[in-house]
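Just below is one structure, and these are the notes that go with it.
2 protein chains.
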Amino acid sequence: MTVTLADVAARARVSPATVSRVLNGNYPVAAATRERVLRAVDDLDYVLNGPASSLAAATSDLVGILVNDIADPFFGIMAGAAQTEIGGQEGTGRAGGEKLAVVCNTGGSPERELTYLTLLQRQRAAAVILTGGALEDPGHIVAMTTKLAKLADAGTRVVLCGRPPLPGSDAIVASLAFDNRGGGRRLTEHLLTLGHRKIGYVAGPLERTTTRHRLEGHLAALAAAGLGDPASGEGRSTGSGEGRAGQEGLVVHGPYSRRSGYEATLELLRRAPDLTAVVAANDTVALGACAAVRDQGLRIPEDVSVAGFDDLPFSVDATPALTTVRLPLYEAGARAGRLAMGTETPPPGGIATITAELMARASTAPPRATR
Amino acid sequence: MTVTLADVAARARVSPATVSRVLNGNYPVAAATRERVLRAVDDLDYVLNGPASSLAAATSDLVGILVNDIADPFFGIMAGAAQTEIGGQEGTGRAGGEKLAVVCNTGGSPERELTYLTLLQRQRAAAVILTGGALEDPGHIVAMTTKLAKLADAGTRVVLCGRPPLPGSDAIVASLAFDNRGGGRRLTEHLLTLGHRKIGYVAGPLERTTTRHRLEGHLAALAAAGLGDPASGEGRSTGSGEGRAGQEGLVVHGPYSRRSGYEATLELLRRAPDLTAVVAANDTVALGACAAVRDQGLRIPEDVSVAGFDDLPFSVDATPALTTVRLPLYEAGARAGRLAMGTETPPPGGIATITAELMARASTAPPRATR
DNA sequence: ATTGCCGTAGCAAGCGCTTTCTATTGGGTA
DNA sequence: TACCCAATAGAAAGCGCTTGCTACGGCAAT
Chain A
1 MTVTLADVAA RARVSPATVS RVLNGNYPVA AATRERVLRA VDDLDYVLNG PASSLAAATS
61 DLVGILVNDI ADPFFGIMAG AAQTEIGGQE GTGRAGGEKL AVVCNTGGSP ERELTYLTLL
121 QRQRAAAVIL TGGALEDPGH IVAMTTKLAK LADAGTRVVL CGRPPLPGSD AIVASLAFDN
181 RGGGRRLTEH LLTLGHRKIG YVAGPLERTT TRHRLEGHLA ALAAAGLGDP ASGEGRSTGS
241 GEGRAGQEGL VVHGPYSRRS GYEATLELLR RAPDLTAVVA ANDTVALGAC AAVRDQGLRI
301 PEDVSVAGFD DLPFSVDATP ALTTVRLPLY EAGARAGRLA MGTETPPPGG IATITAELMA
361 RASTAPPRAT R
Chain B
1 MTVTLADVAA RARVSPATVS RVLNGNYPVA AATRERVLRA VDDLDYVLNG PASSLAAATS
61 DLVGILVNDI ADPFFGIMAG AAQTEIGGQE GTGRAGGEKL AVVCNTGGSP ERELTYLTLL
121 QRQRAAAVIL TGGALEDPGH IVAMTTKLAK LADAGTRVVL CGRPPLPGSD AIVASLAFDN
181 RGGGRRLTEH LLTLGHRKIG YVAGPLERTT TRHRLEGHLA ALAAAGLGDP ASGEGRSTGS
241 GEGRAGQEGL VVHGPYSRRS GYEATLELLR RAPDLTAVVA ANDTVALGAC AAVRDQGLRI
301 PEDVSVAGFD DLPFSVDATP ALTTVRLPLY EAGARAGRLA MGTETPPPGG IATITAELMA
361 RASTAPPRAT R
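In order, the protein sequence lines correspond to chains A and B. full-length UniProt numbering puts the first residue of the first sequence at 1, with every later residue one more than the last. full-length UniProt numbering puts the first residue of the second sequence at 1, with every later residue one more than the last.
Spelled out as structure tokens, the structure:
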């Protein structure tokens, strides 16, 4: 029923070994023979049996790209770039380096993350790229470190993209981390420079590196300006008491969703009706924040400035255009793809920090009356 | 180095066959024995060798989900839903039905679509889900039909989601098609009812089923209202001559991108400065259209109404909230996932049409002066 | 007691490919 | 002319797992 290597060999009047070598192109085969084999392959419409091939060669051409939320362009852009870089090199003509880059959606669930890693391990994946922020739960970190070490042991190349390096994991090929802290700091500094003193912050979900780093940057900027109490920021979103400059309780956590941005902003506005700016965990959340501000009858940026993070494509189209922090998602994804393929040399120490650039646009302006 | 089934068998003091049966759970094994095996698996940290298993069993647990653009939430939502449905059933406890659902990004390129299908075929994928509009190029249709038939032949379940059925392809498990034509018609009818008579249309790329169907719906509505010349719509976007009611040349094609929407709208506005509404191929394009309308100093919806298609999450957040056509992307994706798994019975004839619902919001209103 | 089965476990034959090692050939060189 | 080597092709041994078939106890029925 199905055509096998042996069938092709028979038709081309050569041995199976020769067919295999023609297909893999890693052994000299006379031009005439090669031609004959290739024609037989075509005639018979032969398709290599992946599992058999992987079993015999003890390697596979599968490359897994793990994302936290496939419906979020933040991940889509990185994954697409990586996939292009990986699947793109088919110019070889032959099946040589044809990798199968696939993206796996964890939905942000640690269990699914591990499950996918196991499944990829089963398949003896050639490489794995983990994108986006990691969960900071100690147990999960241990589980991940162990799992990744095993993968690396089995020859799988592990690359992190937009995720900080795992402590003590030298098994990893490279990790490209975004400078979320620096970006967060610059964004808030921008607001401070404009004259804002009462700034609300809609943070992402707790226990995510991305969330923590961006928030740290924000708090660092405030602290440098002599505002707020850095200690109050994390873990006590519903803060109480009075801070040096009334920044207490101006941080609310929630998922990276538009809805969360909407509700958190309403909450912030209730807690501090006099705030003049809202910084969101990312652009999607910022959109929700904008809606909430408007629904309160306030104008952007005249009454309240709003800022996001990531600079997703739609951000420049928002009205007013969203001030945000640009992350070179495409470039990072592409680079991760090349690193996974081994077509780019890893950065020194396997760690690279990717700069986050402030994009000041129309959604932020000086507060109504600078005190 | 690596642990194999035999190692586990030795440790559990049973034969490899028994271990295999415990792991696959498709053959009676005494409880005590099972326990022993499971413990050995744990102790040894054994991970099944996927390729070997697939080779021997002549099946694999890979499920491929093909998307046209992974950075577009339209696809992300469907893919995520399908993946959840497929990867979600791990409740079985054992490795039983653990499928590896992966998404492959074709980037809209027919070659990559075929390449991915071949790669999936190599892996003897358990199922393949094709999402979104198809290319209407005759050559590609033939190639696809042939390829899908071969996949189906090899036991791969093929499901189409958001894509019209392939003519004469009974190899396919099911196809869930969106009622793009009906949605397009209702959307334009809505505009006509509001009193619009001069409506610009920013269509998607040529030769895509989605593009054609939506446009057909639009033109059908116009024709039913005695406006426009249906024959002028397709294939002659830069129309010439005069139509019955001056709808000529009010259709411009371009990719499904924000930028395309922006430029096309500028073009439409130049051709017909008196148009009172713009219908976009999808929400992303509509966002670009909105930007263009505003940049021309026109207000939405007072001066120009704008409408989109898909009802992506951000559409309700646009200002003003975008009138659009809702497609139940998540539900469709989930259903496709179940169909691929065989956990839902296919619709009669393998074909289901999914209704598209008009969402009239603030971006559309009666034109300034109804003539 | 015998027979017949049911419930379990093992044997062993592959699944379709890769790859090491071993031929075979046809010059080029001594 | 004899010899050696480079270039190319084949033989065959697995890779690690699944599964049809066989084997072996007991237990119920005869």
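Where a beta carbon is used, it is the ideal one built from N, C-alpha and C, also for glycine.
Measure from the C-beta of residue i to each C-beta in chain B and report whether the shortest distance is under 9 Å.
{"i": "tyrosine 256 of chain A", "result": "no"}
{"i": "valine 128 of chain A", "result": "no"}
{"i": "alanine 30 of chain A", "result": "no"}
{"i": "glutamate 207 of chain A", "result": "no"}
{"i": "phenylalanine 314 of chain A", "result": "yes"}
{"i": "glutamate 98 of chain A", "result": "yes"}
{"i": "valine 142 of chain A", "result": "no"}
{"i": "tyrosine 116 of chain A", "result": "yes"}
{"i": "glycine 288 of chain A", "result": "yes"}
For residue i versus residue j, is the C-beta spacing smaller than 9 Å?
{"i": "isoleucine 129 of chain B", "j": "glycine 261 of chain B", "result": "no"}
{"i": "leucine 227 of chain B", "j": "valine 252 of chain B", "result": "no"}
{"i": "alanine 177 of chain A", "j": "proline 165 of chain A", "result": "yes"}
{"i": "alanine 307 of chain A", "j": "leucine 322 of chain A", "result": "yes"}
{"i": "valine 3 of chain B", "j": "alanine 12 of chain B", "result": "no"}
{"i": "alanine 289 of chain B", "j": "threonine 324 of chain B", "result": "no"}
{"i": "glycine 254 of chain A", "j": "glycine 204 of chain A", "result": "yes"}
{"i": "glycine 183 of chain B", "j": "alanine 356 of chain B", "result": "yes"}
{"i": "phenylalanine 309 of chain B", "j": "arginine 212 of chain B", "result": "no"}
{"i": "alanine 126 of chain B", "j": "arginine 181 of chain B", "result": "no"}
{"i": "proline 367 of chain B", "j": "arginine 186 of chain B", "result": "no"}
{"i": "valine 278 of chain B", "j": "isoleucine 199 of chain B", "result": "yes"}
{"i": "residue 382 of chain A", "j": "glutamine 121 of chain A", "result": "In the structure displayed, chain A extends from 1 to 371; residue 382 of chain A sits before or after that span and is not available."}
{"i": "arginine 258 of chain A", "j": "proline 313 of chain B", "result": "yes"}
{"i": "alanine 281 of chain A", "j": "threonine 210 of chain A", "result": "yes"}
{"i": "glycine 80 of chain A", "j": "glycine 107 of chain B", "result": "yes"}
{"i": "leucine 55 of chain B", "j": "aspartate 7 of chain B", "result": "no"}
{"i": "glycine 350 of chain B", "j": "methionine 78 of chain B", "result": "no"}
{"i": "leucine 339 of chain B", "j": "alanine 174 of chain B", "result": "yes"}
{"i": "serine 305 of chain A", "j": "leucine 194 of chain A", "result": "yes"}
{"i": "glutamine 296 of chain B", "j": "glycine 50 of chain A", "result": "no"}
{"i": "cysteine 104 of chain A", "j": "valine 103 of chain B", "result": "yes"}
{"i": "leucine 117 of chain B", "j": "leucine 62 of chain B", "result": "no"}
{"i": "glycine 87 of chain A", "j": "threonine 115 of chain B", "result": "yes"}
So what does DSSP say about residue i, is it helix, strand or coil?
{"i": "threonine 355 of chain B", "result": "coil"}
{"i": "serine 54 of chain B", "result": "helix"}
{"i": "glycine 64 of chain A", "result": "strand"}
{"i": "threonine 4 of chain A", "result": "coil"}
{"i": "serine 363 of chain A", "result": "coil"}
{"i": "arginine 299 of chain A", "result": "coil"}
{"i": "leucine 222 of chain B", "result": "helix"}
{"i": "arginine 368 of chain A", "result": "coil"}
{"i": "leucine 100 of chain B", "result": "strand"}
{"i": "leucine 135 of chain A", "result": "strand"}
State the start and end residues of the unbroken alpha helix (DSSP H) segment that holds residue i.
{"i": "threonine 265 of chain B", "result": "258-271"}
{"i": "leucine 120 of chain A", "result": "110-122"}
{"i": "valine 142 of chain A", "result": "138-153"}
Step through the CB atoms of chain A and report whether any lies within less than 9 Å of the CB of residue i.
{"i": "cysteine 161 of chain B", "result": "no"}
{"i": "asparagine 105 of chain B", "result": "yes"}
{"i": "aspartate 69 of chain B", "result": "yes"}
{"i": "asparagine 49 of chain B", "result": "yes"}
{"i": "glycine 87 of chain B", "result": "yes"}
In the DSSP assignment, the beta strand (DSSP E) including residue i goes from what residue to what residue?
{"i": "residue 394 of chain A", "result": "What the structure shows of chain A is the stretch from 1 to 371, and residue 394 of chain A is not part of that stretch, so it cannot be assessed."}
{"i": "threonine 343 of chain B", "result": "Element bounds for threonine 343 of chain B: n/a, residue is neither H nor E."}
{"i": "leucine 130 of chain A", "result": "127-131"}
{"i": "glycine 278 of chain A", "result": "Here the sequence assigns valine to residue 278 of chain A, which means glycine is not the residue at that position. From DSSP, the beta strand (DSSP E) with valine 278 of chain A extends over 277-280."}
{"i": "alanine 307 of chain B", "result": "305-307"}
{"i": "valine 47 of chain B", "result": "Taken as a continuous stretch (DSSP letters only), valine 47 of chain B belongs to no beta strand (DSSP E), as it is neither H nor E."}
Enumerate, from N- to C-terminal direction, the unbroken beta strand (DSSP E) stretches of 3 or more residues contained entirely within the region 159-215 of chain B. 174-178, 199-203
Whole runs of the beta strand (DSSP E) within the region 7-42 of chain B, excluding any shorter than 3 residues: none
Just list the beta strand (DSSP E) runs in the region 310-340 of chain B, keeping only unbroken ones of 3 residues or longer that don't cross its boundaries, in chain order. 324-326
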